[in-house]
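Residue numbering for the sequence shown follows the working numbering, beginning at 382 and increasing consecutively.
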Amino acid sequence: MTVLAGLAGGFALTTLLDARRTSSAWSRFRAETLASDAFVSIPSRPDPELADELAAMPGVIDAASFVYAAVTLPGVMEGGAFAATDDRLLRTVQRGRVIEGRRPDPSRVEEIVVNPAMAAAAGVRPGQRVPLVGVGNSQFSKEVTVVGVVLTDNDLALNTGFPSVLLTPTFYKAHLHDVDFGQVSQFVRLERSQDAVPAFRDQLVERYGAEGGVLVGDSNEEATGIRNALRLQATAMALLAAVAAAAFVVAIAQALARHVSGTATNARTLHALGITSQERTWASMTTVMVVALAGPVLAIAAAIGASSLVPTGLARQIESDKGIKVDLIAMGGGAFALAILVAGAGYGAARRLARPRDTGPARYVPASVGAPLSPAATVGVLTGMGSGSKRARTPTRSAIAAAFFGAVGVVGAVTFAASLDHLLDTPRLYGWNFDAVVSVGGDDPARMDEAIAGLVADPDVERLAAQELSFLTIGDETVEAFVLHQQKGGAIEPTLAAGRPPRGPGEIMLGATTMDALGVRIGDRVEAVGRDGPVPMIVVGQGIFPVLAEGGTTRAAAVRPEAVPMLRLEESQGRLIMIAVRPGLDAGQVVGRHTDLAVFPPMPPAQIENLRLVRSAPWLLAAFLAALAFAAVGHALVMSVRAGRRELAVLKALGFVRRQVHAAVRWQVSTIAAIGLIPGVPLGIAAGRWIWRLAAQSTGALVEPVIAFTILIAVVATSFLLANVIAAIPARSAGRTHPAAVLRAE
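Shown next as structure tokens:
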């Protein structure tokens, strides 16, 4: 019993440790990798020396400049490259974690590092020499050496799954005129405070002027998705720890109750000899205290041994310390709580069973002549509903409670898991209500027009719209502007979450984050920055925008094309084509008929992509709860049959044969399963949908919980099947009951 307590308690403490490590994983990763707090782009100051000025500003720890480079590794057209313009990147700012190899030498032109996504996409490892080739029409090609694989917070929070290369400042200076470089930008580390980024943004506007088009990205906001994913994983682990702890206490309490039941059997005799109930209780507590003290000690040892396996899922990807860990708060506090609970449960069982009780008469209702059920079925149903002697009723009611709570937990977890799978497998929910994005590479209007004409003429393309990537300022917020020029078929628009799409030049659709930041709702007016002054616009809808939007799925706005002449759209970054093809066709194959076109399939934003790493967690929780429920029902059934041996003996004395006893036990367990499942399944569905709505709201996606009817039907059918399999053991034991021996003992 002590070993069982140690193993069960060790599992509970390990999952609690997993929850704690997961909840702190992101903050520890950012601190370790010297992650930036802000991303800065000032078009009026495109020079790398701006980083020195930013680093000298109040509240700034350090800054580093970088620039986009139009090069990639062969075969990775969706990848990109960034060149450091000083030696601070990857050292004092955005240091990252070296997964393999080492960091590049800033003075060597041929050394590069890649992120894990690029290493996987290009199939490269440290030490390999590979060609670095230009993107689009560029003929640039140079052989370089991959010296390391480095993971940064941007690879997880913002550019999830996006392959990238980092080049040295020497490369930037040597090939300044050979490679197409973009706008110089800066990563900035700030002193920690709640309003650090807004205060820094105000400093920049004051120093460089709002007319300079100051753009400041908040890394904390960009990381909302990964924090939500980690919070979801930590919550799941904490819930699993709580369930495991509860199962541990219940199982140990039942085992202790069985142990002290021998004393309770002779309670009336001991009472007649003058031994009080309190004395009998403390006499039974010896074993209880051994288990309550030794079990948690073994649980701590087991948790320490398993600590190298946690955290799991997404948190393990960013965890640096994967060795043995000792968490005094989780392990010590958890073990102390388990010891108190076990001692209390054991004391309650000993006190209850030490009292002399009259077991009371049986309450079976015999089957009447002409009843629709056989005598065995009648006895089984009534026993499953809690009829019989007081001794037999208590375990039966425990089994009903276990079946009910097990059904609620399993169905709730399955509903949550099915809704999560539905989100991950349905691009429409995160803004992709089309099939693919097409890029011609570079920013050549003639090539874009030619590509659009070719795709419009393709009969397999049902809908097509062109989107120009630009920014729009609304109040104090700068967001991605979605201006979709419909070219073919029905409208391609952001997924509608509430309200309606804009229909006129004075109407606008906003993302949820922008609406919250501006403090507006549907029907309110906002002022957008126009060419000749503020432009009032009415918010008519809330949209879910695809990952093309700056900052994810919610920091964006959609306007009609006829509104563009009134608005000031800044920092155009080229145009993209959004297409929807005929059902059943592959967009990549359709576009493949047209040369020089890069196709991008639906790309989930970081906060949704990171949920894939915890996709199995709710299914594992459902499996654990199912196993726990069946164990509890099986244990209670065995105890119920044992407690009702007198009634079974009477029935056998009245003519029940072994086959009828077996049938009565099967009917009993089926009744218990039915009583637990009938209210448990709908309550579990409601609980799973409610929890999913709370969790999904933070993803920025459209909340659309689903009910997995096929899986739920399988769960119900499997429950009855396994319940009857479990009933086979106590049924066989009940069938071997000898009436004379039992009734003589009674």
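A virtual CB, placed ideally from N, CA and C, is assigned to each residue, including glycine. None of the values given here were measured: they were computed from a predicted structure.
Check	Outcome
Distance, A784 Cα to D897 Cα	43 angstroms
Proximity of I989 and V972 at Cβ, strictly below 9 angstroms	no
R949 vs R912 beta-carbon contact at 9 angstroms	yes
Buried or exposed (CB count within 10 angstroms, at least 16 for buried), T395	buried
N- and C-terminal bounds of the beta strand (DSSP E) containing D599	L596 to D599
Proximity winner among I685, G1069 and T693, relative to I705 (alpha-carbon distances)	I685
Alpha-carbon spacing of T759 relative to F1011, whole angstroms	24 angstroms
Integer Cβ distance of V586 from D418, believed to fall under 8 angstroms	That pair is no contact at about 17 angstroms.
Own chain residues within Cβ distance below 8 angstroms of L1006, not counting five before or after	V624, G787, G790, V791 and A794
L850 - DSSP class collapsed to helix/strand/coil	coil
9 angstroms Cβ cutoff met for I833 and A938	no
Residue range of the alpha helix (DSSP H) that includes M499	P497 to A503
Where P927 sits in the DSSP three-state scheme	coil
For I1066, the first and last residue of its enclosing alpha helix (DSSP H)	R1039 to A1077
Proximity of F463 and V448 at Cβ, strictly below 9 angstroms	yes
Reference R956; option with closest CA among T1091, P512 and A862	A862
Residues of its chain near A696, where Cβ-Cβ distance is below 7 angstroms and the 5 sequence neighbours each way are ignored	R402, T403, A406, L611 and Q614
Environment of V399 [buried if 16+ CB atoms lie within 10 Å]	For clarity, residue 399 is Asp in the given sequence; the question names Val instead. D399 should be labelled buried.
Local Cβ density within 10 Å of D428, reported as buried at 16 or more and exposed below that	exposed
L415 - DSSP class collapsed to helix/strand/coil	coil
Helix, strand or coil at L471 according to DSSP, with G and I counted as helix	coil
Cutoff 7 angstroms; reference V750; Cβ partners in own chain excluding five residues on either side	Here V750 scores only 39 on pLDDT, less than 50, and its place in the model should not be relied on; the value that follows carries that caveat. Here the set comprises nothing.
Close Cβ partners of G1135 (< 6 angstroms) along its chain, the five nearest in sequence each way excluded	Outside the shown range of the chain, which is 382 to 1127, sits residue 1135, and nothing can be said about it.
For L454, the three-state DSSP class (helix, strand or coil)	coil
Three-state secondary structure (DSSP) of P512	strand
Nearest residue (CA-CA) to E603, options P986, R828 and W1048	P986
Residue closest to A416, alpha-carbon to alpha-carbon, out of T473, S820, T453 and M712	T473
Candidates P808, L1001, L899 and V945: closest to P886 by CA position	V945
Pairwise C-alpha distance: I889 and Q923	9 angstroms
Start-end ranges of the beta strand (DSSP E) lying completely within the segment 774–822, minimum 3 residues	817–820
N-terminal and C-terminal residue of the beta strand (DSSP E) that I960 is part of	R956 to V962
Exposure label - H558; buried when at least 16 CB within 10 Å	exposed
With 16 other Cβ atoms within 10 Å as the buried cut-off, status of F392	buried
For L763 and P742, the rounded distance between their alpha carbons	Confidence in P742 is poor, its pLDDT being 46 and thus under 50, which makes the residue's placement too unreliable to answer from.
Three-pair Cβ contact test at 8 angstroms for the segment 490–498 versus the segment 532–544	yes
Continuous beta strand (DSSP E) stretch holding F463: start and end	G461 to A465
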